[in-house]
Amino acid sequence: MKVTFRGGVHPKGHKELSRDAALREFLPTGEMVFPLSQHIGKPAKPVVKKGDPVLVGQRIAEADGFVSAHIVSSCSGTVKAVEKRLTLTGAALDCIVIDNDGQFTPSGEFGEKRDVSGVTGDEIVNCVKDAGIVGLGGAGFPTHVKLRPKDPAAIRYLILNGAECEPYLSCNDQLMREKADAIIEGLELMLRLFPNAEGVVGIERNKPEAIEAMKKAAAGKEKIRILPLKTKYPQGGERSLIQAVAGMDFPITSLPADVGCLVENVGTVYAIERAVVFGEPLYSHVFTLSGEAVKNPGNYVVRDGTCFTELLEHAGGLKDGVTLKKALAGGPMMGIAMSSLDVPIQKQNNGLTLLASDPNEEAEARMTPCLHCGRCTTVCPMGLMPQMMADAVRDGNLERYEKKLYGLECIQCGSCTYICPAKRPLMQTFKQTKAEITAKKRAAAEGGKK
Amino acid sequence: MNSVLNLSSSPHARDSWTTRSVMLRVLLALAPASVLGVINYGLYALLILLLGVASAVATELIFDKIAHKPNTWTDGSAAVTGLLLALSLSPSVPVYIPVFGSVFAILVVKCCFGGLGKNFINPALAGRCFLLISFGRVMSTFKVDAVASATPIAEMMNGGEVNITEMFLGSSNAVIGSSILALLVGGLALWAFDIIHGQICFSVIGGFVLMMALFGGQGFDLKYLLAHLCGGGVIMGAFFMATDYVTSPVSRLGQTIYGILIGVLGGLFRLYGGTADAFSYSIIIGNLFTPLIDTYFVQKPYAYRARAVRLRSGDRRSFWQRIPKPVYVLTAITLIAGVALSGVFSMTKHTIEEQKRLKNAQSYSVVCPDAEEFEPDDEADDIIENLAGSWWGEDYGKSVIKEAMIAKGDDGKIVGYVVRVSTSDAYDGSLTLVVGTDPNGKVLGISFTELHETPGMGMRCGEAEFMDQFAGKEVDSFVLNKSAMSSGAANEIDTVSGASTSSGAVVKAVNAGLDFVRNVMMGGRES
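From first to last, the protein sequence lines stand for chains A and B.
Under the numbering used here, think of the first position of the first sequence as 82, with each following residue one higher.
Under the numbering used here, think of the first position of the second sequence as 1250, with each following residue one higher.
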C-alpha cells in the first residue's frame, strides 16, 4: 500500500518540461528590489538608507518583533531608494531598491566551512534567525519561530517536505538530486533541537532520482528515513504530509507541533545547512521557470530581489508565436496570478509558470449547475463536503457553513475546484467566505471590547 | 511584453472531466443493455429508444429556446434521461409512449424545477410512473412475436418459476433494457470508474436482499433471491436510477441510508404490494428523502472524527478495513436472519406442503362433490412428469397440467376426474384452477386455487356467474364469447366484461383440463 493521505487529485504534472534541467545560478544585472514583507508576520525594518553602499549577504532590514525575519541583500551596490513598489500579489509594498553593481562582492562574513560538531540548539536557532530564513515552501513563515515550539521533546516527527506535488515545479527535485548530502546534514542539525524526533523525508514517487540520491545520503543514519509517497496533489501540503507520515488529523486551529510534528521544506533545510555550516544568510534559492509559453524551461538558483522579467529574458523569453495568457508565481494549483512580470522574486517564490491558455477562463465558459456528483467530497484532503458548503454559502447560511460543515477547516488546496465536472468555483467561494466570517468575528470581538 | 495577463484565484488547472463527459460515460454504460435490447426485441425496440432520447433532447432544446435560457441540451443529461426511460419500457409500446414519457420527464420534472441539478426526483422514473398511471394497460403489455405474456417478475410474484439465464441475457418478456448481464457490465464499470457511488448501489441491493430473505418466506434460497434480484428493474434501479447524482445524498453515510431505504421499500412493495413496479416507486420515495438526509447526515472533517488520531495512516488500511462499518453490520444481520429463516423454512416446509395439499383437496371436493377420496393415477402422473412444466398442446395457450386425480365414491367406483391446470396467459401473470368432470367427461364445475387478476375486472372470473357457465356441460371444448349477444350454443362462455384476457385464459385452461381428462384419464380406462 502506497503511503499517502486520503482524497486528493492527479493534475497533469508537466514535470517533464524541466525535471532533468540541472540547477544553474543566475546573476542578474538590473536593479534589485527587496520587499520588507516577504514573510508571515510584521514587515522588517530597514537598516539602510538611500545612498548607502551594500554587499552581498549584508543585512538591509531587521526583524521587527518575534514573528518577523531579517532581509539580506543578494547583490552589491548602492541603495537607490526605500519606497513603495509593485509586488507579485499586485499590492504596492515598501521595498528597498538597490542599484546592482554586478560585482556581487560578498560581505566577507561567510563562506568558510565551520566545524559544527559542538553546535548547540540555541546556536542553530540564532544562525537561522540571523540568516533571515523563512519557510521556502510558499508560506514564508519565519523558521526560527517554527524551530522553537513550546515543548521540543514532544516533537516525534521532523518531516522534510520533498513532495513537490505542485505541477511544473521541479527545483526541489533537482536540489535533492544535487545537494542530498547537505540536506541530510541540515536535517541532522535540526534533529539536535528535538531529542525524541525521527527525521522523515517525504518524496513523491515521480522523483526516483531524488529518492535514490537522498537514500544514499541518508544511508546509515539511524534517525532518518526516506519515505517515498504516492504522487498525488496536495501531497506536499503540511497536513497531507503529516497524515501520510504520522497518520494524524488535526483541526485548523491547531499547529503541527500540537500533534508532535514539524514540517520543513527541503529548500529551507538546505538554507539552514548553509546558514549553520557556512554562516551564509538566505539571499538565493532554487527556482523553476516553466510552462507551455516558456522557450527554455529550467531550474535556477536565483537571487532574491531579481526581477521576474530579467530571469525570463535571460532564459530566452517566451516561445515563438505564443501569446502569454497567464503568469503564475508558483505552480497552477496554488500559484498567484500576476498582473505584471516586472516585480521582484521573493524568498519564498519557488517558480514562475507561464501559460499560453487560461484554464480558469475556459472553465467559466463551460460552467454548468452543480450535479451533486460528490467528486469534491471524495477528493477533499480534509474530509469536508465542498458541494454542501457551496450550497450553504448560496443560501446565506453561514451558521451551517461554519458549525455543521466545518467550513473554516478548508486549507484552500483547490482540489475541489480542480475536480468539479461542472466547473464551479468552489474553493474560491470558500476563500471569500472564510475571509468574511473571520472579518465578522474580528469586528464582533472589537465591538465587544468597546 | 505587452500582453494583458489574466488574473484569477488559484487553482489555475482543471480536470478534463465535464458534465458532458460524465453523461457520455453513463450513456456508454447503458450501451450494452440497449444493444442487447435491440438484438432481443428487434428494430422496433431501437425505434423506441431513439424516440425516447430524441424527444427528451428536443424538449430541453425547445424549453431553453422559449425560456431564453442557455442551451443545456448538449450536456447529455437529457439524453441519459430519455434513454433510461426508453430502456424501462416494454418493447411493444406504441410510439407515442416514449415521446409522452420523455416530454413529461424533461419538461415537468426537470425544466420546470429549474433544469439540470434542480429536479427533486429522478426525471426518468417520474416519466415512467407518469406513463404507468396514464397508460397502465399499454405499459404492462409485453408482447414478443405478437404473443402477450406475463413478465418474469409478474410470474414470480404469482409464485411461478422463472428462467434466470434468460433474464441474464434479457430474452425474456420484459422491458427493453432487461438484460441483467448488460446492466451489470455497465453499472459495475460506472462504479469501477468512480462515476457512481458504490454505497448507493450496493446498499440498495443489500437492503432488498435483506427484505426478501427476511420476509419472502423462502429464507436464503439463492435461486429465489437471484430471481427477484434479476427481475423488476432492481439492477437497473440500483445502478442507474438510484445513483442519479442530483436526487441522491452526498455523504457516504447518507448514501448508505438512502440505499438501504430504497432496497427495503422495494422489497416491501414487491412482497406486499400489487405492482411489479416496486422499484420505480421506492426509488422515487428515496429521492424525496434525499434533502432530509442531506440536511442531517453531513460528514465531519477527518480531524473531528473519533478515529482521527488513532489511525496510523489514512490509506494504509486494507481493502477490508476501508469498507464502511454499516456494510459489515448489515451483512452480519442478513446472514444471521437468513440462516435462521432457512432453518424455520426447512422445518415448516413439510407443513406448508401439507397445507397446500389440503387446499388442493378442498377444491377437488368442490368440483367433484360426490367423491369420497381422490387417488393419483400412475399413467397421468408419468405424463405430467414427462411434460416437466411445458404447455399442454398448441390450442390451450400456456396451460400447464399440474395434477390429475381419480375421484372415487364410497364404494370405490370411479365417480369422476379432477385436473389442476395452471396458465400464465392471464392478465396479471398466472392463474390456477381445478376442473372436475364426471366419468363421461361432463364438466361438474371449476374452482380457482390461484387468481390474482385486477379487482372488479379479471377477479370477477372467480364469481359464480362466470364459473357456473361451465358446470353441467358435456362438450369437446368451450369457446369464449366476447360480444354482448349470445348465440346460445352449449359450448359458449360469456366473457366477464372488460376482462377478456382473464376470461380467455380461464377458458383455455378449462379446455386443456378437459382434453387431458378425455385423452389420458378416460382414454386409459374405457377404450
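Think of the CB as a built atom: it goes at the ideal place given N, C-alpha and C, for glycine as much as any other residue.
Asked	Found
Just confirm the distance between the C-beta atoms of Ala1487 (chain B) and Val1513 (chain B), as a whole number of angstroms; I'd bet it's less than 8 Å.	The Cβ separation is near 13 Å, so there is no contact.
Leaving out five residues on either side along the sequence, give the residues of the same chain with a beta carbon under 6 Å from the beta carbon of Arg1559 (chain B).	Confidence in Arg1559 (chain B) is poor, its pLDDT being 45 and thus under 50, which makes the residue's placement unreliable; the coordinate value appears in the next sentence. Nothing meets the Cβ criterion.
May I ask which residues mark the beginning and end of the beta strand (DSSP E) holding Phe1697 (chain B)?	1692–1699
Can you tell me which of the three DSSP states His366 (chain A) falls into?	strand
Looking only at its own chain, which residues have a Cβ that is under 8 Å from the Cβ of Arg87 (chain A), when we skip the five neighbours before and after it?	Gln324, Pro462, Gly464
Assuming Pro1550 (chain B) and Tyr499 (chain A) are in contact, meaning their beta carbons sit under 8 Å apart, how far apart are those beta carbons, in whole angstroms?	The pair is not a contact, with the Cβ atoms about 19 Å apart (cut-off 8 Å).
Using the Cα positions of Asn346 (chain A) and Arg1377 (chain B), report the straight-line distance between them to the nearest angstrom.	58 Å
Going along the chain, which residues of its own chain have a beta-carbon closer than 8 Å to the beta-carbon of Val137 (chain A), five neighbours each way excluded?	Ser154, Ser155, Cys156, Ser157, Phe185, Thr186, Pro187, Ser188, Tyr364
Let me see if you follow: with CB-CB separation under 8 Å, is Ser1500 (chain B) close to chain A or not?	yes
With DSSP as the reference, label Arg195 (chain A) as helix, strand or coil.	coil
Using beta-carbon positions only, say whether Leu239 (chain A) and Leu268 (chain A) come within less than 8 Å of one another.	yes
Whose C-beta lies closer than 7 Å to the C-beta of Pro337 (chain A) among residues of the same chain, with five residues either side of it excluded?	Glu319, Ile323, Leu343, Val344
Starting from the C-beta of Val1434 (chain B), find all residues in its chain whose C-beta is less than 7 Å away, skip the five residues before and the five after it, and write them out in chain order.	Pro1281
For the beta strand (DSSP E) that Ala410 (chain A) lies in, which residues bound it at each end?	407–410
Excluding five sequence neighbours on each side, which residues of the same chain lie with their C-beta closer than 6 Å to the C-beta of Ile1633 (chain B)?	Ile1650
So if DSSP puts Arg105 (chain A) in a beta bridge, which residue, or which two residues, is it bridged to?	A:Tyr381
Please classify Met448 (chain A): does DSSP put it in a helix, a strand, or coil?	coil
Can you tell me which of the three DSSP states Glu1621 (chain B) falls into?	coil
In angstroms with no decimal places, state the Cα-to-Cα distance between Phe1457 (chain B) and Ile1413 (chain B).	18 Å
Anything in the segment 481–503 of chain A with a Cβ closer than 7 Å to a Cβ of chain B? List those residues in chain order, please.	Lys485, Leu486, Tyr487, Glu490, Gly495, Thr498, Tyr499, Ile500, Pro502, Ala503
Less than 8 Å between CB atoms is the rule here; does Thr1267 (chain B) satisfy it with respect to chain A?	yes
Out of A:Glu527, A:Asp101, A:Ala525, which one is the CA nearest neighbour of Glu290 (chain A)?	A:Asp101
Alpha carbon to alpha carbon, how far is Phe1362 (chain B) from Asn1368 (chain B)?	6 Å
Roughly how many angstroms lie between the CA atoms of Cys1200 (chain B) and Leu1463 (chain B), to the nearest whole one?	Chain B is shown only over 1250 to 1776; residue 1200 (chain B) falls outside these bounds and no answer can be derived.
With DSSP as the reference, label Tyr1676 (chain B) as helix, strand or coil.	coil
Does any residue of chain B bring its CB to less than 8 Å from the CB of Asp476 (chain A)?	no
Are at least three pairs of beta-carbons, each pair with one atom in the segment 1703–1722 of chain B and one in the segment 1636–1646 of chain B, less than 8 Å apart?	no
Whose C-alpha, out of B:Leu1682, B:Ala1303, B:Ala1375, is nearest the C-alpha of Ala1758 (chain B)?	B:Leu1682
What does the alpha-carbon distance come out to for the pair Thr201 (chain A) and Cys208 (chain A)?	11 Å
From Asp1313 (chain B) to Thr1323 (chain B), what distance separates their C-alpha atoms?	11 Å
What number of angstroms, rounded off, separates the C-alpha of Gly1286 (chain B) from the C-alpha of Asp1470 (chain B)?	29 Å
So Asn207 (chain A) is in the alpha helix (DSSP H); what residue range does that whole segment cover?	202–211
Strictly by DSSP, which residues pair up with Leu310 (chain A)?	A:Glu285
Give a yes or no on whether 8 Å exceeds the smallest Cβ distance from Asn277 (chain A) to chain B.	no
State whether the segment 406–425 of chain A contacts the segment 108–125 of chain A, with contact taken as three or more CB pairs (one from each stretch) at a distance under 8 Å.	yes
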